[in-house]
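Residue numbers (the working numbering): 339 to 546.
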Amino acid sequence: MKKYCSAIFWGICFIIFTVLVKFVDVQPVGAEASLIGFANLNTAVFQLLGTNDFCYRLTQCLGIVAIATAARYAIDGFIQLIKRKSLFKVDREILMVGIIYAIVIILYVLFEKLAINYRPIITDEGLEASYPSTHTMLILTVFGTAIPLAGKYIKNPKTATLEKICLIIFMWVTVVCRLLSGVHWFTDIIGGLLISLALISLYKALRN
């Protein structure tokens, strides 16, 4: 149970923060006068940073890279399953990351339907749910779980180290650029970060 402490801690932090976002300083300051939690904080950050189309497009590209990274390990797991003819003979690291991917997909769909905050701007899809930033959650979780996998499945140590460095950079760029893009409120990014930390911690506990 002790190995799950970190995942539980970050999960509780996310739940508490979500409740605060839902009920603290809620005002109709969003697009189409939608209600937004932590209204003064969120509007202050949004007015300070504005929007940035380049940052938005960059994070969209990183999202594609994250999906490709997840697909890479999903394919590895499928190949192992075919060769070894048993799900229980697939590497534990691959099986556990598959569980995390499944959780991410479920949460992604859930949060797209469950509107806690709406985006500060109206996109082509209209008024969209914004909390937490599911894009941030997806990228951070996939790249965060890929870091230990790179150390095991990339045989060349230098190449493995380079990939780990790139993944860490991509994670930081995602957080910063998703905020600068202006398509999310500040608290949306924090929520995405907290749930990502919970999922990454859960993966570390499951794989050991």
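Glycine is no exception: its CB is placed at the ideal position from the N, C-alpha and C atoms.
Can you give me the start and stop residues for the alpha helix (DSSP H) that residue i sits inside?
{"i": "ARG545", "result": "524 to 545"}
{"i": "PRO486", "result": "472 to 491"}
{"i": "GLU450", "result": "430 to 451"}
{"i": "GLY349", "result": "343 to 361"}
{"i": "GLN385", "result": "377 to 387"}
{"i": "SER468", "result": "Counting along the chain, SER468 falls outside any alpha helix (DSSP H), and DSSP gives it neither H nor E."}
{"i": "LEU505", "result": "495 to 519"}
Can you determine whether any heavy atom of the ligand NAD sits closer than 7 angstroms to the C-beta of residue i, and answer yes or no?
{"i": "LYS423", "result": "Of ligands this structure carries none, so the ligand NAD is not represented either."}
Between the C-alpha atoms of residue i and residue j, what's the straight-line distance to the nearest angstrom?
{"i": "ASP526", "j": "LEU532", "result": "10 angstroms"}
{"i": "ILE460", "j": "MET509", "result": "26 angstroms"}
{"i": "ARG410", "j": "VAL403", "result": "10 angstroms"}
{"i": "LYS427", "j": "GLN398", "result": "35 angstroms"}
{"i": "ASN455", "j": "ASN380", "result": "11 angstroms"}
{"i": "THR407", "j": "ILE413", "result": "10 angstroms"}
Please check the pair residue i and residue j, which I expect to be a contact at CB under 8 angstroms, by giving their CB distance rounded to whole angstroms.
{"i": "LEU465", "j": "ALA369", "result": "6 angstroms"}
{"i": "TRP523", "j": "PHE384", "result": "7 angstroms"}
{"i": "PHE376", "j": "ASP363", "result": "5 angstroms"}
Suppose the cutoff is 8 angstroms on Cβ atoms and the five residues either side in sequence are ignored; what does the same chain contact list for residue i look like?
{"i": "GLY401", "result": "HIS473, LEU476, ILE477"}
{"i": "LEU358", "result": "GLY375, PHE376"}
{"i": "GLY489", "result": "ALA498, LYS502"}
Among the residues of its own chain, which have a CB less than 6 angstroms from the CB of residue i, if the five just before and after it don't count?
{"i": "ILE350", "result": "none"}
{"i": "GLN365", "result": "ALA377"}
What does a CB cutoff of less than 7 angstroms around residue i pick up in its chain, not counting 5 residues either side in sequence?
{"i": "THR483", "result": "VAL435, ILE438, ILE538, TYR541"}
{"i": "THR479", "result": "ILE438, VAL442, SER534, LEU537, ILE538"}
{"i": "PRO458", "result": "GLY368, ALA369, PHE384, GLY520, TRP523"}
{"i": "LEU419", "result": "LEU425, VAL428"}
### Task
Take every Cβ of the segment 340 to 349, pair it with every Cβ of the segment 536 to 546, and state whether three or more of those distances are shorter than 8 angstroms.
yes
### Message
Quick check: the segment 512 to 527 against the segment 386 to 397, are at least 3 beta-carbon pairs closer than 8 angstroms?
### Response
yes
### Task
Please determine if the segment 443 to 454 and the segment 494 to 509 are in contact, where contact requires at least 3 C-beta pairs separated by less than 8 angstroms.
no
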